[in-house]
Amino acid sequence: MSHAAASFRHGVHPEEHKEATEHLPIERMPFVDQYILPLSQHIGAPSRAVVSAGQKVKRGQVLASAGGFVSVPLHAPVTGTVESIEKRPHPNGQLMQSIVLKTDPFASQRWEPQDVM
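Residue numbering for the sequence shown follows our numbering, beginning at 1355 and increasing consecutively.
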């Protein structure tokens, strides 16, 4: 199969159908019970976990630091407890090291500014 046969010239542009929801207000999505946060977020180096299983974390807290030149830190999307750090299925089809975070249903879930230095 040639490369040209596997690509789309000028990309794919499906119809948007915005008229179905354009009159509705923006909704806030509820928090889910558990988050799986892969330490590999892109083609760069995976982040390095700075938390451990059983640790309580606050929303916005750094969970993983940048692991290389092309890498990013990972922050907690919710207040909760780190259930585990283990390999989980990744969108790329492989098993990747991930932080499993259980949401604290009684926490305020306010983003708390962290000292970045």
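Note that the Cβ used here is the ideal one computed from N, Cα and C, for glycine as well.
Problem - Neighbour-count burial assignment, Ile1453, 16 or more Cβ in a 10 Å radius - result: buried
Exercise for the section: Find out if the Cβ-Cβ distance for the pair Ile1439, Ala1403 is shorter than 8 Å. Expected result: Between Ile1439 and Ala1403, the C-beta spacing is below 8 Å.
Handout entry: Those runs of the beta strand (DSSP E) which lie wholly inside the segment 1364 to 1425 and span at least 3 residues
Key = 1388 to 1392 and 1416 to 1419
Problem - Residue closest to Val1436, alpha-carbon to alpha-carbon, out of Gln1448, Val1416, Pro1445 and Val1426 - result: Val1416
Practice task
Please name the residue in Arg1382, Leu1391 and Arg1363 whose C-alpha comes closest to that of Val1426.
Solution key: Leu1391
Problem - Cβ shell of Lys1456 (< 6 Å), same chain only, five flanking positions each side left out - result: Once the five neighbours on either side are set aside, the close Cβ partners of Lys1456 are Gln1388, Gly1434, Thr1435 and Glu1437.
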